[in-house]
Each structure stands twice: as structure tokens, then as C-alpha cells.
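Numbers in the working numbering are just positions in the sequence shown, counted from 1, shifted up by 1063.
For every residue, glycine included, the Cβ atom is placed at its ideal position computed from N, Cα and C.
Please read the structure below before turning to the comments.
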Amino acid sequence: MTINITEWLDKTAARFPEGLALHDEQEELTYLDYRKKALGIARSIIEKNIRHEPVIVYLEKGVNIPVSFFGIAYSGNFYSPVDTVLPKARVSVMLSVLQPKLAITRHGLSKSLDDAGYKGERLFIEDICPAEDDEAVVTSARSDRGEISGAEDLLYVLFTSGSTGIPKGVSITHRSVINYIEWADSVFSFTEHDSFGNQAPFYFDNSILDIYCAAKSGAALYIIPKHLFAQPVPLLSYLKEHRITTIFWVPSALIVPAKLHAFRNVDLTSCLKRVLFCGEVMPARHLSRWRAALPDVCYANLYGPTEITDACAYYIVDRGFADNEPVPIGKPIRGVEMYLIAEEDGKIRRVSEGDSGEICVAGVCLSPGYYHNPEKTREVFVPNPFGPGLMYKTGDIGRYNVHGELEYISRKDFQIKHLGHRIELGEIETAADSVAGVSRSCALYDSVRHKIVLFAETSNTSSFIEESLALLLPDYMIPNKIIIMDEVPINCNGKIDRTLLQEYIT
């Protein structure tokens, strides 16, 4: 039984020492080198007598980040990646939450850490040189001094946006990641012959599947240059050139090749086997284009917030969908329970069949809570009235369809009361995304003027969109204002930037 994620790298490096492990624009590493570099980092941390503490990783995206993650795990500590382009004020807040004693960075980034107020020690990645006795030193520390992390110890802390504007650090244990990766491996059957094409930033939880499924199976992890995601034909050409078999991207990254029909220029039938997506709603129209171009690929919609270790539910696409139909999020993964609940007079109950309710999650996937934030933890990690332990209140609204599959509708905070009707803004977006010529959309509510505002990425006119929506939605759900955009803005995680769009209407 696996109790620490480093066991995967140990076994894979022994089985496939010369197998390609990591690749970016500058360098690539075999599994033997991957493990050697990680052990070198672990030794450097151990020699600083830092134990069971957060270690921040402050590096540009590349092979050194996954290497650092494993090195920190080998040392018995837990990692927290910090984006190097974040404003220093936000980095300062994250540092105040973590209170880290050590940062892994490089010399050229050290001043940025100074500017954010970091006062701890630093390990410079370019100065760490693997030595022959690294493994012996790390093994000795782990056995004699109890440096090894157990299944219930933390593996990482990732930061998510907070409703107050203050980021929250989500803690995740080795046990939760092990359950998730072993489930994914059992469903998708990854092997050493696979290659992952990474889109997600390493501070975003979608990257967890890329990093650890690759390390467990012996697959290669290709870190795709960010600029390619704005160039659909070169992007697909990259997948073909490197024979990528598996991609796990946010839907926004999949929409661009679909809407521009890039498949006509690049044939991926000989390599791509799996297209997984998570993080936001996948418009059925764009999924249909992918399926039409690559009918033999396995498509899967994964669902879950950071607090439940990336994904707690999944749906393997087994049928076609009308453009205005939602793609289900399916059923719970192994070791997970999911409920649809309503709260009345402070009491929690399950909703009646066919009704929508807040999605709540329980099981091995749950975070222990927000790091150094017990108040926020108690708000959403509550005693499970339906079973043992706690359950997490996601703030997402869902319902079961006629097939018994769970569907995501929208965020609880995207549920509005307008003209006396309760409206899910996500339903408006699903309808808008189904209109011919609309690439993606975002519906927001102007609470001052009491108006629904729809942003649409399209070359169509607002009147055309309005007339099309009138065929799909009741009168009270038709947006009061439709703003046409050349491109709906995307945030650093590849999702629609709702915060920026909100500024248009305030």
C-alpha cells in the first residue's frame, strides 16, 4: 500500500531509468535524473533541519518545478508553489499565511522574493548538484529521524481566491492524492508508452493528475509552451510532433482549436487517446467538434474544487449532446460520497428527486482544511449528517438528469433572484454557448441596476444573440444587456476571468 507519493518515483526510476520523464523548452530529464535531482533537493532541505514545514517553490514553469515537488516530499516537508508573475502584494499575503522558513528559487528571482517581504532561507535550484551519497543521506534521515511523511501528512498547499479577496491555502495530504491518482490510473490505464501534454500551471490543481499519473506509470510529461495555446494549429502540431497521448486541459484551452477547426490542418488520430477536461463548463458544441474530428478518443469530464484534491466526480462521454445540453459531471470517483442538499432553518436535508441542490462531498478526497485558517475551514467543512466524518460544501449547484448522472448547473453565488424568479446564470451561459457563432460566454448580474449582463465572444450582433436566446429561454432569463467581445478574457488558470468582466458593469 502506497503511503507517500515518492514511492512512485522510486519504482518508476528503477523500472525505466532511461525513460523520458520531463520535457520543457530548455531541457528534458530521464526518470533516473528526475529522481537524482529530487534527492539532491531533499538532502539540501534535510541539512537545513527543516521538518514538516511548508517550502515555497518560486520558479518559472519548467521541469524544475515537479523535481522540486518530489524533493520536498522526499525531505518530509510539503510544498506550496507561488506564481512568479503574481503582484508582490498577493505574494506577501500568501507568505503571511504560510510563514515559510525555506524557498526554492533561482538567483534571478531572489529580489522579487525580497520585494514581497520574504525573510526565510533560500535554496537556489541552479546551485544544487546531485551527489553519489544523496540517497543514503535522505534514507538515513527518513528512517532514523522520522523525516518521512505518512499518508495523513500534507503534500501541498495550493492557494485559491477567497470571497474576501484574501487567498486561502488549501491543504492536501498524501493519502488524498494517492487515492485520486490510483483511481485515475485504474480508469484510464496509463502506461510508460503514454505522453502527457501539460496545460495547467503547476500552482493550479489540474496539474496534479499530469505530474503524478506520469510519475506513477512511467509516462513522459511534456510542459507545453504557454504561447501555443493562442495558436491552435501550432498547438496541435506540437501534440503530433511529441506524440502526446493524453491531455487534461481546462475547456477554454480546448475551445480555441475547436472553434477555428484546427483539426483540418493537423491529424492527431495516430497519437491522441484521451482528452480530459475540468475546471469550468465544457460547451457541448465544442465537445462535438472534437468528437467529430477524433471519434476514437476517450473524452472525460472531471469535476471538483481544489478542496477535494482536483476531482471527485467524472463522466466518460458515451453519447452526443445537443448544443444547449449540459455535459454531465457523472458519478463520484472511488472513495468519495456526493450529496445534493438544501438548508432550511439551519438544518441540512437531501433534495427531492429531480430538484437542484448544493453539491456536497465527503470521503478520502477531502482537504484537512484551509492552512492556518480555522474560521474559514469551519464554514465549509461541516459534520456529515449522512455518514461519518466531515463533508465539504462546494458552493456549486447541481442536479441529476434522467440518466441518473450528476450535472453541474452553476455556482451558488451565481444563483440570482430576478423579476421574482430564481435563476441560475450557468443556464443562460449554456444556452448562449449553443448559439451558432458563439465561442464562449459569461453571464453576470448587475445587482445595482438589477440587470442580467451577458458577455459573448462572437462576430454576431447582440440582437441576433437575443433573438436566438428567446428560442431557448423564458422571457425572464433573457439578458437585459449583451456585450459583444472579440475575446472573452481568460485568467492565469485558463478560465474565464469573471472578476475582470465584473468591472465592466460596476
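Please go through the same chain and pick out, in chain order, the residues whose beta-carbon is closer than 7 Å to the beta-carbon of Arg1306, but skip the five residues on each side of it. Taking the sequence shown and counting its residues from 1, one reaches residue 1306 at position 243. In its chain, beyond the 5 residues on either side, Ser1258 and Cys1334 have a beta carbon closer than 7 Å to the beta carbon of Arg1306.
In three-state DSSP terms, what is His1349? As a working mapping, residue 1349 is identified with position 286 in the sequence shown. In the structure shown, the three-state DSSP call for His1349 is helix.
Compare the Cα-Cα distances from Ser1107 to each of Glu1070, Glu1184 and Val1145 and report the closest residue. One-based indexing of the sequence shown puts residue 1107 at position 44. Closest by alpha carbon: Glu1184.
Report the three-state DSSP secondary structure of Leu1482 (helix, strand or coil). As a first step, residue 1482 must be located in the sequence shown, where it is residue number 419. Assigned with DSSP and collapsed to three states, Leu1482 falls in coil, not helix or strand.
Boundaries of the beta strand (DSSP E) in which Ser1629 is found, first to last residue: Since the first residue shown for the chain is 1064 and the last is 1569, residue 1629 is missing from the structure and cannot be characterised.
Delimiting residues of the beta strand (DSSP E) encompassing Met1401: If you number the sequence shown from 1, residue 1401 lands on position 338. Segment Val1399 to Glu1407, the beta strand (DSSP E) holding Met1401.
Can you name the residues that DSSP bridges to His1086? Position 23 of the sequence shown, counted from the start, is the residue given in the question as residue 1086. Among the bridge pairs identified by DSSP, His1086 is matched with Glu1091 and Tyr1285.
Buried or exposed by the 16-neighbour rule on C-beta atoms within 10 Å, applied to Asp1268: Here residue 1268 is taken as the residue at index 205 of the sequence shown, counted from 1. The C-beta of Asp1268 has 16 or more other C-beta atoms within 10 Å across all chains shown, which makes the residue buried.
Do the region 1472 to 1485 and the region 1309 to 1327 meet, that is, are 3 or more Cβ pairs less than 8 Å apart? For the pair of segments examined, the region 1472 to 1485 was found not to touch the region 1309 to 1327: the number of CB pairs separated by less than 8 Å stays below three.
CB Glu1421 to CB Ile1396, shorter than 8 Å? The count along the sequence shown starts at 1 and reaches residue 1421 at position 358. The count along the sequence shown starts at 1 and reaches residue 1396 at position 333. The answer is no: Cβ separation not under 8 Å.
If I measure Cβ to Cβ from Leu1083 and keep anything under 7 Å in the same chain, skipping five residues before and after, which residues do I get? Within the sequence shown, numbered from 1, the residue matching residue 1083 stands at position 20. These residues qualify, in order along the chain: Glu1091, Thr1093 and Ala1283.
Phe1132 - containing alpha helix (DSSP H), residue span: Position 69 of the sequence shown, counted from the start, is the residue given in the question as residue 1132. Start and end: Asn1127 to Tyr1137.
Expressed to the nearest angstrom, what Euclidean distance is found between the alpha-carbon atoms of Lys1514 and Ile1547? The residue labelled residue 1514 in the question sits at position 451 within the sequence shown. The residue labelled residue 1547 in the question sits at position 484 within the sequence shown. Lys1514 and Ile1547 have their alpha carbons spaced roughly 16 Å apart.
Using the Cβ count rule (16 or more neighbours within 10 Å means buried), how would you classify Thr1562? Taking the sequence shown and counting its residues from 1, one reaches residue 1562 at position 499. By the 10 Å Cβ count, Thr1562 comes out exposed.
For Arg1412, the three-state DSSP class (helix, strand or coil): Here residue 1412 refers to the residue found at position 349 when the sequence shown is read from its first residue. Three-state DSSP puts Arg1412 in a strand.
Given a cut-off of 8 Å on the beta-carbon distance, is the pair Asn1261 and Ile1286 in contact? For the purposes of this step, residue 1261 is identified with residue 198 of the sequence shown, where counting begins at 1. For the purposes of this step, residue 1286 is identified with residue 223 of the sequence shown, where counting begins at 1. Taking 8 Å as the cut-off, the beta carbon of Asn1261 is found closer than this to the beta carbon of Ile1286.
How many whole angstroms separate the CB atoms of Ala1101 and Tyr1137, which I take to be in contact at a CB cut-off of 8 Å? Translated into positions along the sequence shown, residue 1101 becomes position 38. Translated into positions along the sequence shown, residue 1137 becomes position 74. Right, the Cβ-Cβ distance comes to about 6 Å (below 8 Å), so this counts as a contact.
Is it a yes or a no for the region 1434 to 1443 touching the region 1343 to 1356, going by three-plus beta-carbon pairs under 8 Å? With the cut-off at 8 Å, the region 1434 to 1443 and the region 1343 to 1356 do not touch.
Can you have a look at Arg1462 and say buried or exposed, based on whether 16 or more other CB atoms are within 10 angstroms of its CB? Counted from its first residue, the sequence shown places residue 1462 at position 399. Arg1462 should be labelled buried.
Lys1111 beta carbon less than 8 Å from that of Leu1165: Your numbering for residue 1165 matches position 102 in the sequence shown. Your numbering for residue 1111 matches position 48 in the sequence shown. Yes, Cβ-Cβ distance for Leu1165 and Lys1111 is below 8 Å.
Whole runs of the beta strand (DSSP E) within the region 1412 to 1496, excluding any shorter than 3 residues: Counting only runs of 3 or more, we get 1420 to 1426, 1444 to 1446, 1453 to 1463, 1469 to 1474, 1478 to 1481 and 1484 to 1487.
Grouping DSSP H, G and I as helix and E and B as strand, with all else coil, what is Gln1294? What you label residue 1294 is simply residue 231 of the sequence shown in a count that begins at 1. Three-state DSSP puts Gln1294 in coil, outside helix and strand.
Rounded to whole angstroms, what's the CA-CA distance from Thr1332 to Ala1293? Just pull it up for me. Stepping through the sequence shown from its first residue, residue 1332 is reached at position 269. Stepping through the sequence shown from its first residue, residue 1293 is reached at position 230. Using only the alpha carbons, I get a separation of about 22 Å.
Specify, as a first and last residue, the run of the beta strand (DSSP E) that Tyr1508 falls within. By one-based count along the sequence shown, residue 1508 stands at place 445. First-last of the beta strand (DSSP E) with Tyr1508: Val1501 to Asp1509.
From the DSSP secondary-structure annotation, give me the bridge partner or partners of Val1516. Working through the sequence shown from its first residue, we reach residue 1516 at position 453. Val1516 is bridged to Leu1507 and Lys1544.
Use the C-beta contact count for Tyr1539: other C-beta atoms within 10 angstroms, 16 or more gives buried, fewer gives exposed. Here residue 1539 refers to the residue found at position 476 when the sequence shown is read from its first residue. Under a 10 Å Cβ-count criterion, Tyr1539 is classified as exposed, with fewer than 16 other Cβ atoms of the shown protein chains found around its own Cβ.
Following the continuous beta strand (DSSP E) through Thr1147, name the residue where it begins and the one where it ends. Counted from its first residue, the sequence shown places residue 1147 at position 84. Counting along the chain, Thr1147 sits inside no beta strand (DSSP E), nor does DSSP assign it H or E at all.
So, using beta-carbon positions, are Asp1273 and Phe1311 closer together than 8 Å? What you label residue 1273 is simply residue 210 of the sequence shown in a count that begins at 1. What you label residue 1311 is simply residue 248 of the sequence shown in a count that begins at 1. Taking 8 Å as the cut-off, the Cβ atoms of Asp1273 and Phe1311 count as close.
Using the C-alpha atoms, what's the distance from Ala1533 back to Ile1541? Taking the sequence shown and counting its residues from 1, one reaches residue 1541 at position 478. Taking the sequence shown and counting its residues from 1, one reaches residue 1533 at position 470. Distance between the alpha carbons of Ile1541 and Ala1533: 7 Å.
From Ile1371, Ala1325 and Cys1423, pick the residue whose C-alpha is nearest to that of Trp1353; which is it? On the sequence shown, position 290 is the one that residue 1353 refers to. Cα-wise, what sits closest to Trp1353 is Ala1325.
Use the C-beta contact count for Cys1428: other C-beta atoms within 10 angstroms, 16 or more gives buried, fewer gives exposed. Locating residue 1428 in the sequence shown gives position 365, counting from the first residue. The residue is buried, with at least 16 neighbouring Cβ atoms inside 10 Å.
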